[in-house]
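Sequence order for the protein chains is A and B. Numbering-wise, the numbering used here puts 820 at position 88 of the first sequence, and it's gapless, one number per residue. Numbering-wise, the numbering used here puts 103 at position 95 of the second sequence, and it's gapless, one number per residue.
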Amino acid sequence: GQSLEQPSEVTAVEGAIVQINCTYQTSGFYGLSWYQQHDGGAPTFLSYNALDGLEETGRFSSFLSRSDSYGYLLLQELQMKDSASYFCAVRKAGTALIFGKGTTLSVSS
Amino acid sequence: EAGVVQSPRYKIIEKKQPVAFWCNPISGHNTLYWYLQNLGQGPELLIRYENEEAVDDSQLPKDRFSAERLKGVDSTLKIQPAELGDSAVYLCASSFGTGQGANTGELFFGEGSRLTVL
């Protein structure tokens, strides 16, 4: 089978940096994606890592270590609008994306 | 460009009643997914279509759930009869490419249909 583990909640203040970790166990691993979902909204794509290393997109960065079955999403210069749920998702051979249970990020002023 | 469109956004029914959800994917996207999302959880796949063919329906409770994607475009997900435990958000997503969201794993989601079964 497969499993993904990520913290259920993270809190931070505006302007801070926060890291959301994700560990996974699966066979046929292709890559790791991150999605953001605001309350009542659609999940939206943030990033995808197929190779080891850091991918940077503006204030958000994502990291993958295939040997450690581990990745993280790094959010910098936090803003109130970043308060949302963040999901890691495994892309593997022959199946649709498999999502973790999500991390609720609360940003306060 | 229009995104993934779902309807209805909200539906309240009594248990044992039927319900149907409709999804119009992004134009040109050949892969369509139905996911179920319970409160505080991540999306869970119900069924995946490649064009009009259901290529992964292993998680679809076939005793009460059915889906179709006629002509490989719009899709309908039906529950009959609904149970209390079916209360959830039903998300439709689409992607371009052969089942894996092209090369980035990117799925485009609709805003979902929120079902409440009383």
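Even glycine gets a Cβ: it sits at the ideal position worked out from N, Cα and C. The structure displayed is predicted, hence computed values, not measured ones.
If we define contact as Cβ-Cβ less than 8 Å, is residue i a contact residue for chain B?
{"i": "Leu829(A)", "result": "yes"}
{"i": "Gly803(A)", "result": "no"}
{"i": "Lys833(A)", "result": "yes"}
{"i": "Pro717(A)", "result": "Any property of residue 717(A) remains undetermined from this structure, which presents chain A solely from 733 to 841."}
{"i": "Leu837(A)", "result": "no"}
{"i": "Tyr780(A)", "result": "yes"}
{"i": "Phe761(A)", "result": "no"}
So if DSSP puts residue i in a beta bridge, which residue, or which two residues, is it bridged to?
{"i": "Lys23(B)", "result": "Answer is none; Lys23(B) lacks a bridge partner."}
{"i": "Ile55(B)", "result": "Trp42(B)"}
{"i": "Phe830(A)", "result": "Sequence check: residue 830(A) is Ile here, not Phe. DSSP output for Ile830(A) lists Val822(A) as bridge partner(s)."}
{"i": "Ser740(A)", "result": "None, per the DSSP bridge assignment."}
{"i": "Glu114(B)", "result": "Answer by DSSP bridge pairing: none, since Glu114(B) is not bridged."}
{"i": "Ser74(B)", "result": "Lys86(B)"}
{"i": "Ser817(A)", "result": "Gln769(A), Thr836(A)"}
So residue i is in the beta strand (DSSP E); what residue range does that whole segment cover?
{"i": "Leu85(B)", "result": "83 to 87"}
{"i": "Val12(B)", "result": "Here Val12(B) belongs to no beta strand (DSSP E), and DSSP marks it neither H nor E."}
{"i": "Glu737(A)", "result": "735 to 737"}
{"i": "Thr124(B)", "result": "121 to 125"}
{"i": "Leu99(B)", "result": "96 to 103"}
{"i": "Thr835(A)", "result": "835 to 840"}
{"i": "Glu61(B)", "result": "61 to 64"}
For the putative contact between residue i and residue j, defined by C-beta atoms under 8 Å, what is the C-beta separation to the nearest angstrom?
{"i": "Ser121(B)", "j": "Arg17(B)", "result": "6 Å"}
{"i": "Gly832(A)", "j": "Gly50(B)", "result": "5 Å"}
{"i": "Ala28(B)", "j": "Lys86(B)", "result": "5 Å"}
{"i": "Cys100(B)", "j": "Ser83(B)", "result": "7 Å"}
Is there at least one Cβ from chain A nearer than 8 Å to residue i's Cβ?
{"i": "Gln108(B)", "result": "Residue confidence is low: Gln108(B) scores 46 on pLDDT, short of 50, so the model does not pin down where it sits. Its coordinate-derived value is still stated next. So, interface residue."}
{"i": "Gly50(B)", "result": "yes"}
{"i": "Glu76(B)", "result": "no"}
{"i": "Thr124(B)", "result": "no"}
{"i": "Gly120(B)", "result": "yes"}
{"i": "Tyr41(B)", "result": "yes"}
{"i": "Glu114(B)", "result": "yes"}
- Any chance you could list the beta strand (DSSP E) runs of at least 3 consecutive residues sitting entirely within the segment 744 to 807 of chain A, in chain order? 750 to 757, 761 to 769, 776 to 781, 785 to 789, 792 to 797, 802 to 807
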